[in-house]
Amino acid sequence: MKRLLSAAILGLALLGTAQAAIDTYEFATEAERERYRNLVEELRCPKCQNQNIADSDAPIAMDLRAQIFRMLEEGQSNEQIIDFLVSRYGDFVLYKPPVTPRTLLLWYGPAGLLVGGFVLLGVILLRRRSKPGSAASGLSADEQQRLAALLNQTPVDKKD
0 MKRLLSAAIL
10 GLALLGTAQA
20 AIDTYEFATE
30 AERERYRNLV
40 EELRCPKCQN
50 QNIADSDAPI
60 AMDLRAQIFR
70 MLEEGQSNEQ
80 IIDFLVSRYG
90 DFVLYKPPVT
100 PRTLLLWYGP
110 AGLLVGGFVL
120 LGVILLRRRS
130 KPGSAASGLS
140 ADEQQRLAAL
150 LNQTPVDKKD
C-alpha cells in the first residue's frame, strides 16, 4: 500500500514538469529555423523580468513564439517582426533598446553619475588642499597665540 501511494505521489509530482512547453514547429529550411531561434532568444518576455521568449514558460511567451512562427511563415523579415513586437509591447521586449531621447538616461546615466562623483570628489579634495591651516583658522588671534605657546613648550621633568 505504501509503495502504491509513493508511486502515485511521485507520478503527480512529475506531472507538473511534463506541462513545460515544447514547441514543435516545422520549418521549410534550416536557415528559417535558425532565424526563429535567433529571434526568440534575442527578445525578452513581457511577463518575465529577465528571461527571453525561448526560455520562458509564461503563456504570453508561448503566444509570442507562435506569433513569430506565423510571421516567419508569412515571409516577414526580422525587422518587421521586431517592429511589430516593439509597437505592441514597447522597448521592454528588446534586450538592447535603441538610443533615443527616451532612453538617453538609461544608456548614459551611469557614466554621468560616475563622472559627477569624480568631479565632486575632486572639488572636495581641492578645497581641503587650498586651506593649509584649516585647523587653526577657526581660532581667534589670541587663541592662536596661546596654541602656538603651548605647542612650543618643552615638557618639564618632574623629580620627586
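In numbering that gives the first Met the number 0, the protein residues as written are 0 to 159. Where a beta carbon is used, it is the ideal one built from N, C-alpha and C, also for glycine.
Cα atoms of Ala30 and Leu93: separation of roughly 22 Å, rounded to the nearest angstrom.
Here Ile123 is exposed. Its C-beta has fewer than 16 other C-beta atoms within 10 Å.
By the C-beta density criterion, Ile67 is buried, having at least 16 other C-beta atoms within 10 angstroms. Per the DSSP secondary-structure output, Arg145 pairs with nothing in a beta bridge. Taking the CA atoms as reference points, Lys46 sits about 39 Å from Leu3. Following the DSSP letters along the chain, one finds Phe117 inside the alpha helix (DSSP H) bounded by residues Leu103 to Ser129. The way I'd put it, the segment 107-114 doesn't touch the segment 52-70; fewer than three beta-carbon pairs between them come closer than 8 Å.
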